[in-house]
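Chains as they are written, first to last, in our numbering: chain A, 1 to 582; chain B, 1001 to 1339.
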């Protein structure tokens, strides 16, 4: 085990060596080595699909490795299920609280281990001990109340208390802070430090870099199923960490051309954005995100996993309920957003998870394409077959969908062609704005290029496109502008010549954590300087910035200032919506 | 348990979780109380009104007929409470009740012990088969127990030559005493309910049932014996139903094959009226007691006031009442954000 730190591998409490794991041909883990020492907090990070969850599942007995070994305290173990791992001292706290919301707090803490007297549960003792234990975790509540009446943070603490109560030697925390308030995060950190003092090792999975630096000792970075780095976290530059995760060298400026995107920016058609989302706020996920997309423009949403990219798209179409925020389509405010009303307004979304949220594999290409357009194709409830065929054939040709014919089952098509079928489904509706969430994930290289080319074409035809992609190259080359998100906030904009990998990496690594620290340490440059002091502070000022930025790169500035829907900075949020309503 | 060894550093922000946790909206708290004790409140109200306005309702004759003739059927609701708390359903209990009566009457000709043990054994066996199919083969409880409903009815027909043979409990049999009068049935049933309440609230088994109804995935991850508890709960329900049927047979003095049709629905209604969530995870035996009593009193009043319309009318009111209760419960659950 040639790690760069001193000490032999045998001092590890948990040791994963040479683990391989594939699922149906997809190599999820390749020769993964992972060492966990007693009394250390070990960060495990990586982008989506890097293999961290698979690794955790191997360690906790959910999956069994195809090759390689898992050793606990020097002994080779093969856990057949999570219970065995738990019994051996590996406790896991999952991202979503895995407790029983309707039962009392004390019950949840002691389920399966209740103190008993004469064979009956000793409720009084259970409640007393529960209050005692939870008090040490900063949760001081009436333990007889149902768990669900507690805040999410307190619930997470109960889960944590439960996890470490079973003689744990290793505690694995999978994004434990994703539902915590800042104060609760502090409590969690002090609990973690307490665990450390007792010699318990902690594996800490999180996407929030600041947290890693605050609480972790070492870090393991995974990418594409491999461990790409293990080492002390102190002294590791953030920029280095981010580039390790994304697999991009800090200063590797690449030639354009490896993606199918046309390198020219699209021409901006008119001043009014096709889509304008203002101040979208979803508890714990989004904090005042504003984005606008002009006709004929591809706007990229950049950010690490968990930054709130998909959430932004879902909030726009109303698939995610927002606490605040408004959406306008071509200047008209959308009230009561829902996926259906968004489709009617001309905003459609290609979801990230094709299988679960998109295609219906058992239906034919024809049916899949015409599904959303059926109401328009039918007269008096009857669907005109001829019209349907005409449209389906048109799109099959236009999008170059490779199928034996309109009657082939979509499930039999390749991933890329399935994606195109989905695209065709929405294009039948003549949308104004297309939200693409990871449009090329999991499809082969050739199809990827075709989808990218199509996106380009569509934008040239006047469609506004919001592109979410974890493929940095795709994002950079496909987008005219990039809005950078971090922890649910807009932390930067790239436009024109600044749309480069370096610019994006820089913004990701150095973007301030909270809006108060908004003095963005980005190098000043002509396109973004006027806006950079407060891109995240208020959503309103960020908007003129977004409009002005592309204009700077495309020449003559369209009639931005005259834009009727453009809110003046500082105006109340709801105002523009109300205006356009009347 | 290392709880005492655990000393996370003193927490700087303990109060944080308190404050947030302390805020349970009044609306939700009221809804929760109504959910749990609504049946009892309505029961008290109905009894009070009926006693004040009717001269026949508050008589010993009437009360003893409400209690004595229904008590054994209520045991079905006891078993059903356990099943529904796990998030399941048991449609076979009505047929099992009838089969238990016939088996009891059949057994009583060979001795009281057989009269009791034969139905219990058959109920337990059938219940565990249902439980195994649900827990191990992962079949839907609705389907498995619907098969039970039809299959047991068929078995009953076969045993009695399609109803042509009636097994009578011998007049001198001690078995008859178990079902006679008002007090014996009421005491037996009350004891069963008390044991059931103890089982549900004060044992690990009971906690497992509630936990798996509330979040089965979490219960599994917590290491609770979910599959075993599932088998046991259907075993329990089947045993209780067959036993109750046997006692019912003792009361009637014979195994009546036409009895028990639709009893499973009345049992489900009583449980739901008693505040147990149809989706599982929350409920109480006390609530079910209120539920069965409320339904019994209402049926009694309907029979009393609307007897000229016949029993078809009773069933219609029964259904309407259930619809209203389920609607109410849905609204209450929504207020409490249980969904």
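Backbone N, C-alpha and C define an ideal beta-carbon position, used for all residues, glycine too.
Annotated three-state conformation of residue 1239 of chain B is helix, per DSSP. For the region 109 to 141 of chain A, the set of residues with a beta-carbon nearer than 8 Å to any beta-carbon of chain B comprises 111, 112, 113, 114, 116, 119, 120, 121, 123, 129, 132, 133, 135, 136, 137, 138, 139, 140, 141, in chain order. A:313 is the residue among A:72, A:305, A:313 whose C-alpha sits nearest the C-alpha of residue 299 of chain A. Not a single CB atom of chain B sits nearer than 8 Å to the CB of residue 58 of chain A. Distance from residue 176 of chain A to residue 195 of chain A at the Cβ level is roughly 12 Å; contact not present, criterion being Cβ atoms closer than 8 Å. Between residue 1040 of chain B and the set B:1317, B:1330, B:1306, B:1291, the nearest pair of CA atoms involves B:1291. Sequence-ordered contacts of the region 1197 to 1227 of chain B with chain A read 1198, 1201, 1202, 1203, 1204, 1206, 1207, 1208, 1210, 1211, 1212, 1213, 1214, 1215, 1217, 1218, 1219, 1220, 1221, 1222, 1223, 1224, 1225 [C-beta pairs closer than 9 Å].
Neighbours of residue 107 of chain A across chain B, judged by C-beta separation under 7 Å: 1207. In the three-state scheme derived from DSSP, where H, G and I count as helix and E and B as strand, residue 284 of chain A is classed as coil. Residues of chain A whose Cβ lies closer than 8 Å to the Cβ of residue 1088 of chain B do not exist; the shortest such Cβ separation is about 16 Å. In the structure shown, residue 76 of chain A adopts extended strand secondary structure according to DSSP, grouped into three states. In chain order, 100, 101, 102, 103 make up the part of chain A whose C-beta sits under 9 Å from the C-beta of residue 1281 of chain B. Per the DSSP secondary-structure output, residue 409 of chain A pairs in a beta bridge with A:364. Your pair residue 13 of chain A and residue 60 of chain A does not check out as a contact, with CB atoms roughly 14 Å apart and the cut at 8 Å. Beta-carbon to beta-carbon, residue 223 of chain A and residue 501 of chain A are separated by about 15 Å, too far to satisfy the 8 Å threshold.
What residue 86 of chain A touches in chain B, judged by beta-carbon distance under 8 Å, is 1223, going in chain order. Its chain contains 1275 as the residues whose beta carbon lies nearer than 6 Å to that of residue 1036 of chain B, once the 5 sequence neighbours on both sides are disregarded; these appear in chain order. Within the model, the alpha-carbon separation for residue 203 of chain A versus residue 170 of chain A is close to 8 Å. When Cβ-Cβ separations below 8 Å define contact, residue 406 of chain A makes no contact with chain B. Counting the other CB atoms within 10 Å of its CB gives residue 1305 of chain B a total below 16, which places it among the exposed residues. Taken in chain order, the whole beta strand (DSSP E) runs of length 3 or more contained in the region 42 to 104 of chain A are 67 to 72, 75 to 77, 90 to 93. Taking the C-beta atoms as reference points, residue 1273 of chain B is found no nearer than 8 Å to residue 1301 of chain B.
Taking 8 Å as the upper bound for CB-CB distance, residue 105 of chain A and residue 72 of chain A are not in contact here, some 31 Å apart. The residues 154, 157, in chain order, have a CB closer than 6 Å to that of residue 139 of chain A in the same chain once the five nearest residues on each side in sequence are set aside.
Taking residue 1186 of chain B as the centre and dropping the five residues before and after it, the same chain places the C-beta of 1067, 1068, 1071 closer than 8 Å to its C-beta, in chain order. Remark: C-beta atoms of residue 33 of chain A and residue 43 of chain A do not approach each other more closely than 8 Å. Neighbours of residue 82 of chain A across chain B, judged by C-beta separation under 7 Å: 1221. Exclusion of the five residues before and after residue 214 of chain A leaves no residue of its chain whose Cβ lies closer than 6 Å to its Cβ. Taking the Cα positions, residue 292 of chain A is about 29 Å away from residue 238 of chain A.
Secondary structure at residue 314 of chain A: helix, using DSSP grouped into helix, strand and coil. For residue 163 of chain A, the closest alpha carbon among the candidates B:1218, B:1025, B:1189 is that of B:1218.
When rounded, the separation of the alpha-carbon atoms in residue 1135 of chain B and residue 1231 of chain B is 6 Å. Contact between residue 1175 of chain B and residue 1115 of chain B holds, since their C-beta atoms are separated by about 5 Å, short of 8 Å. The three-state reading of DSSP puts residue 1257 of chain B in coil, since its state is none of H, G, I, E or B. Checking the DSSP bridge columns, you'll see residue 21 of chain A partnered with A:29. If the five residues before and after residue 1047 of chain B are omitted, its C-beta is found closer than 7 Å to the C-beta atoms of 1297, all from its own chain and listed in chain order.
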